[in-house]
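Read through the structure below, which is laid out as structure tokens, and then see the notes.
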Ligand SMILES: Cc1cc2nc3c(=O)[nH]c(=O)nc-3n(C[C@H](O)[C@H](O)[C@H](O)COP(=O)(O)OP(=O)(O)OC[C@H]3O[C@@H](n4cnc5c(N)ncnc54)[C@H](O)[C@@H]3O)c2cc1C
Ligand SMILES: Cc1cc2nc3c(=O)[nH]c(=O)nc-3n(C[C@H](O)[C@H](O)[C@H](O)COP(=O)(O)OP(=O)(O)OC[C@H]3O[C@@H](n4cnc5c(N)ncnc54)[C@H](O)[C@@H]3O)c2cc1C
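Residue numbers (the numbering used here), protein chains in the order written: chain A, 171 to 497; chain B, -15 to 240.
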């Protein structure tokens, strides 16, 4: 079976980020998963066990002082060395801010091309095909790379498949020196305390709030309904712009694209750019006081009403239902 | 300081955008074509620097069909000094590698201190053209900055990542991409619109760029299918019982 390289993202403390299981799961659909990590000296061996449990057959660690201090270069240098060592049929990289730079540079460096933002991959007659969901899920397209290395950036949270656990064979090599002027990481800011809610990407239920919530204080209502449903919290761009929530909550064309079992839109008008990030949800519920809001065009269940009246009643009804169901 | 801003024209996101199902490519006739909002923000970041440092020169660069002159004119009326338009039928349906090679070759001809781009376009959404350009030019990239701080000799800013953010800095020359949180673009004023008519727009074709003839890898689209449109479901007006009805709907669909 062909080798498939996967770039493992690590946190500032060297831990494996949440993108790894999906990337290795995707690689296992195509061939033998080889995990590639750039790590600080002496820290690589520690991650090999966990990467094996996630399904990596080989773990290639390039260790050097630059890892965590310089942006993208350590990962690029590690992957370039791994491409020579493993002659892979494809390289899978998370479509995240940190990692897609590596994908672009690797394509130029190795004479490859990038299939961008894939939501699925498959192998067909010896060719590796990337499946994309474009224009807010209006279209599904398939693409592949001709005449060079296949590099695929994978949309975070989109791959559900997981690989069977393996005992990874570990290779540790020194990280080669940087070869172009570096972008230096001056400071790492960790996000605030964990909210205990499901992550937005890949969530099975999402409750989002828009400008209709009116203030940051009122936005708590969105969180309360999310907690009653066990859902992740999302937002429209207008709610983000108004400072109700951080940008990482944004659902839509330029935010996160979600496809949950249930999507609840509160005080969101349903602009086309918002719908682009949620219209492939299985069931959509909308509460909006404007009867003509475009969000109702995609809602399976719409309530023309005031969120401040309806949502507290809804939370009560959900809690009551869960109480009876528990008996 | 010389700043090159990479701009792309895209189908207006306020309308339905279409893919030609036979070629898998963008159907450019299906919607209005506008300058990408993200690139207006990139230009705005450059203009704010120029507001304080008058000697700054801003060049906008696009690769696109004839109609892209409209986008360039808008950028010039906002305050860019000159424009370069790479237009050639042979470049239609370019993938990202090809796009980056063409843009980098054009950037290299003129000299620069900073290249500014959007973090991702609203149509292709690949988000790797800036990195490819940086790699070809042998330069650092500061990706997805919400705001940038430009000083003599270096550029810095903050980029959001999963689980937090990073403060990053690079020496000039460098490539920077900005997010939709960056500078909101100004509107062109009357004086700007009049002045834009006299500003130089250089057009060039593929042959005038030093691209070589060797075959390069390419990303190709195999097939495209359209998802059936979503139909609207039940819509009720709240009379005090809507929340109960919704809870019933959620329960019957096993969502609570
Ligand atoms: C290039 C580009 C990219 C974009 N990307 C995104 C994106 O990724 N995500 C995104 O969301 N937007 C995006 N937008 C912005 C988008 O066009 C809209 O401006 C935005 O989605 C509006 O957010 P909203 O629905 O919260 O606000 P509004 O449109 O202001 O809607 C607020 C709604 O709340 C309702 N309301 C008010 N009070 C109440 C109440 N008490 N009870 C019930 N309902 C109430 C109103 O009837 C109204 O429908 C993008 C725009 C552009 C140009
Ligand atoms: C739906 C769709 C899917 C596509 N999928 C792929 C794919 O998987 N792989 C692939 O290789 N190509 C793909 N393409 C083609 C790709 O969009 C074009 O090559 C495009 O010219 C550059 O990619 P981008 O817009 O995705 O760039 P991005 O990297 O998202 O753009 C970031 C920034 O680069 C600059 N920039 C990008 N293009 C230009 C330009 N023409 N002129 C000036 N500046 C520019 C702008 O500043 C822009 O904001 C796709 C196109 C479409 C419409």
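Glycine included, C-beta positions come from ideal geometry on N, C-alpha and C.
Only a predicted model underlies this, so the values are computations on that prediction, with no experimental measurement involved.
- Counting along the chain, residue 233/B sits inside the alpha helix (DSSP H) bounded by residues 226 to 236.
- With a 10 Å radius around the Cβ and a threshold of 16 neighbouring Cβ atoms, residue 461/A comes out exposed.
- Two segments are said to touch when three or more pairs of C-beta atoms, one from each, lie closer than 8 Å; by this definition the segment 124 to 139 of chain B does not touch the segment 53 to 61 of chain B.
- The beta-carbon of residue 309/A is placed less than 9 Å from the nearest beta-carbon of chain B.
- Our two residues, residue 246/A and residue 408/A, have alpha carbons roughly 36 Å apart in a direct line.
- Within the segment 348 to 362 of chain A, the residues whose Cβ lies closer than 8 Å to any Cβ of chain B are, in chain order, 350, 351, 352, 353, 354, 355, 356, 357, 358, 359, 360, 361.
- When Cβ pairs closer than 8 Å are counted between the two stretches, the segment 174 to 192 of chain B is seen not to touch the segment 386 to 395 of chain A, the count staying below three.
- Counting along the chain, the unbroken beta strand (DSSP E) around residue 287/A starts and ends at 283 to 294.
- The beta-bridge partner set that DSSP reports for residue 312/A consists of 301/A, 207/B.
- For residue 178/A, no Cβ of chain B is located within less than 9 Å of the residue's own Cβ.
- Residue burial is scored here from C-beta neighbours: residue 452/A has fewer than 16 other C-beta atoms within 10 angstroms and is therefore classed as exposed.
- For residue 78/B, the closest Cβ of chain A is not nearer than 9 Å.
- Within chain B, the residues whose beta carbon sits less than 9 Å from that of residue 399/A are 234, 239, 240, listed in sequence order.
- Close to residue 488/A, with beta-carbon spacing below 7 Å, are these residues of chain B in chain order: 231, 240.
- Contact between residue 221/A and residue 174/A is absent: CB atoms are separated by about 14 Å, not below the 8 Å threshold.
- Taken in chain order, the complete beta strand (DSSP E) segments of 3 or more residues contained in the segment 119 to 150 of chain B are 125 to 135, 138 to 145.
- For residue 9/B and residue 196/B, the gap between their C-alpha atoms comes out near 26 Å.
- According to DSSP, residue pairing for residue 173/A in a beta bridge involves 202/A.
- The beta-bridge partner set that DSSP reports for residue 153/B consists of 354/A, 140/B.
- Non-local C-beta neighbours of residue 319/A in its own chain, meaning closer than 6 Å and more than five positions away in sequence, comprise 280, 282, ordered along the chain.
- By the criterion of a C-beta distance shorter than 7 Å, residue 449/A is surrounded in its chain by 306, 307, 468, once the five residues flanking it on both sides are discounted.
- Less than 9 Å separates the beta-carbon of residue 287/A from that of residue 111/B.
- In the structure shown, residue 102/B adopts extended strand secondary structure according to DSSP, grouped into three states.
- Burial check for residue 164/B: the Cβ neighbour count within 10 Å reaches 16 or more, so the residue is buried.
- Within the segment 402 to 485 of chain A, the runs of alpha helix (DSSP H) that reach at least 4 residues and sit entirely inside it are, in chain order, 407 to 411, 442 to 445.
- Between residue 422/A and residue 406/A, the gap from beta carbon to beta carbon is short of 9 Å.
- Using beta-carbon distances, residue 23/B does not count as an interface residue toward chain A, since no partner is under 9 Å.
- Each of 101/B, 123/B, 155/B, 115/B was checked against the Cα of residue 284/A, and the nearest Cα belongs to 115/B.
- Counting of Cβ neighbours within 10 angstroms places residue 194/A among the buried residues, the total reaching 16 or more.
- Relative to residue 203/B, the option among 483/A, 413/A, 312/A whose CA is nearest is 312/A.
- Residue 201/B sits away from residue 117/B, with the two beta carbons spaced by 9 Å or more.
- Within chain B, 146, 147 have C-beta atoms less than 8 Å from the C-beta of residue 187/A, given in sequence order.
- Between residue 69/B and residue 46/B, the alpha-carbon positions lie close to 5 Å from each other.
- Taking the CA atoms as reference points, residue 297/A sits about 25 Å from residue 266/A.
- Our two residues, residue 22/B and residue 250/A, have alpha carbons roughly 31 Å apart in a direct line.
- The DSSP assignment places 66 to 70, 98 to 102 as complete runs of the beta strand (DSSP E) inside the segment 60 to 114 of chain B, in order along the chain (cut-off: 3 residues).
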